[in-house]
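In full-length UniProt numbering, the protein residues as written are 1 to 331.
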């Protein structure tokens with residue numbers, strides 16, 4: 001009789017998963033605090049997010065506003081450009097109108113106020129090289145101009161005009177039509193800004209809309225790019241719009257001026273006897289629907305012509321006899 005050979009059954013232990021030391025340490029840590037095997041609380045979603053660009057700019061500027069954007073001024077300049085207040089970018093790097101997307105320096109170059117090689121990094125050189133000054137109505141830097149209340153702007157007007165009267169430029173140009181209206185209100189000289197060359201509403205531009213044409217040779221991947229369709233073989237064409245129908249530059253002249261004695265305290269003939277004030281659209285890009293960059297460049301070119309006429313004492317310079325004379329000390 002043959003015996004059936006059977007191997008004794010051996011119990012095979014269940015395979016256990018190895019825990020990483022990190023998880024073991026975390027579990028032990030929570031056990032020591034009396035939580036047993038409880039799972040650690042989930043991580044906060046806000047803690048894992050990277051700070052936005054705006055948050056990084058806010059952190060770069062001291063909370064006590066100790067970093068103030070310095071004025072770029074000298075006496076008897078041809079023109080001083082004035083913004084509302086410094087952006088966080090400008091306050092951080094110490095350079096005027098250096099925010100992303102600001103068209104100020106492009107307008108200066110295209111209007112021949114400065115040479116083509118000058119950038120915002122050369123802002124400190126403008127007074128000596130080009131007789132151009134840079135300043136702001138409000139010195140406090142913010143992430144948005146909406147953070148400056150109307151009362152703070154109004155309270156800054158007297159000290160601003162005092163500063164202008166000390167330096168005696170030929171022209172002050174506010175790079176914002178809103179500043180022009182605010183300053184006129186502060187000195188009790190009503191002024192209405194000229195009508196924009198086009199409506200700010202969508203689809204109401206006086207110029208024909210520019211629509212890209214879809215080529216039959218486009219690949220499927222390029223056709224899925226939404227409204228921005230580009231040919232894979234040809235670079236996109238740069239669309240250059242002509243300037244709209246702008247009002248005469250003299251309509252951007254504000255109805256007041258500062259006046260100075262023809263002879264200074266030293267008995268010398270004064271280089272500047274009056275300061276005129278202009279206001280042009282903001283170059284920040286916030287009004288891109290009403291004023292294209294081509295419109296702003298056209299206004300800067302007209303402003304440059306006015307600077308030349310006033311400096312040369314031409315008879316074609318603006319008639320200032322009807323402008324109200326303002327005394328900053330009385331504001």
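Ideal Cβ placement from N, Cα and C applies to all residues, glycine included.
Which term fits residue 283, buried or exposed, when burial requires 16 or more other beta carbons within 10 angstroms of its beta carbon?
Counting C-beta atoms within 10 angstroms of its own C-beta, residue 283 has 16 or more neighbours from the protein chains shown and is therefore classed as buried.
Roughly how many angstroms separate the alpha carbons of residue 119 and residue 97, rounded to a whole number?
Computed Cα separation, rounded: 10 Å.
Inspect the beta-carbon positions of residue 333 and residue 275 and report whether they are closer than 8 Å.
Because the chain is modelled from 1 through 331, residue 333 falls outside the range shown and cannot be assessed.
For the stretch 288 to 308 against the stretch 159 to 173, do three or more pairs of beta-carbon atoms, one drawn from each stretch, fall closer than 8 Å, so that the two count as touching?
Contact holds between the stretch 288 to 308 and the stretch 159 to 173, because three or more Cβ pairs, one in each stretch, are under 8 Å apart.
DSSP has residue 269 in a bridge; who is on the other side?
The secondary-structure analysis by DSSP pairs residue 269 across a beta bridge with 263.
Check whether residue 190 and residue 328 have beta carbons under 8 Å apart:
No, they are not a contact pair.
Relative to the C-alpha of residue 250, which residue among 102, 144, 319, 107 is closest?
The residue with the shortest Cα to Cα distance from residue 250 is 319.
Compare the Cα-Cα distances from residue 311 to each of 246, 192, 271, 127 and report the closest residue.
The shortest C-alpha separation from residue 311 is found at 271.
Candidates 77, 78, 94, 82: which alpha carbon is nearest residue 279's?
Looking from the CA of residue 279, the closest CA among 77, 78, 94, 82 belongs to 82.
Mind checking residue 269: buried by the 16 CB within 10 Å criterion, or exposed?
Residue 269 should be labelled exposed.
Residue 183 versus 154, 167, 127, 261, residue with shortest Cα-Cα distance:
Checked all of 154, 167, 127, 261; the closest Cα to residue 183 is 154.
Assuming the contact rule is C-beta atoms closer than 8 Å, residue 187 and residue 256 should be a hit. Round their C-beta distance to whole Å, please.
Right, the Cβ-Cβ distance comes to about 5 Å (below 8 Å), so this counts as a contact.
Looking only at its own chain, which residues have a Cβ that is under 6 Å from the Cβ of residue 160, when we skip the five neighbours before and after it?
Taken in chain order, the residues that qualify are 137.
Do residue 258 and residue 295 have their beta-carbon atoms positioned less than 8 Å apart in this structure?
Remark: C-beta atoms of residue 295 and residue 258 do not approach each other more closely than 8 Å.
Quick check on DSSP: helix, strand or coil for residue 257?
Residue state for residue 257 is assigned as strand, using DSSP reduced to three classes.
Using a 10 Å radius around the Cβ and a threshold of 16 neighbouring Cβ atoms, would you call residue 315 buried or exposed?
By the neighbour-count criterion, in which a residue is buried when 16 or more other Cβ atoms sit within 10 angstroms of its Cβ, residue 315 is exposed.
By DSSP, does residue 90 sit in helix, in strand, or in coil?
Residue 90 sits in a helix when the DSSP states are folded into three classes.
Indicate the three-state DSSP secondary structure (helix, strand or coil) for residue 295 in the structure shown.
It is helical.
So, for residue 110: in the same chain, excluding its five sequence neighbours on each side, which residues have a beta-carbon less than 6 Å away from its beta-carbon?
Taken in chain order, the residues that qualify are 297.
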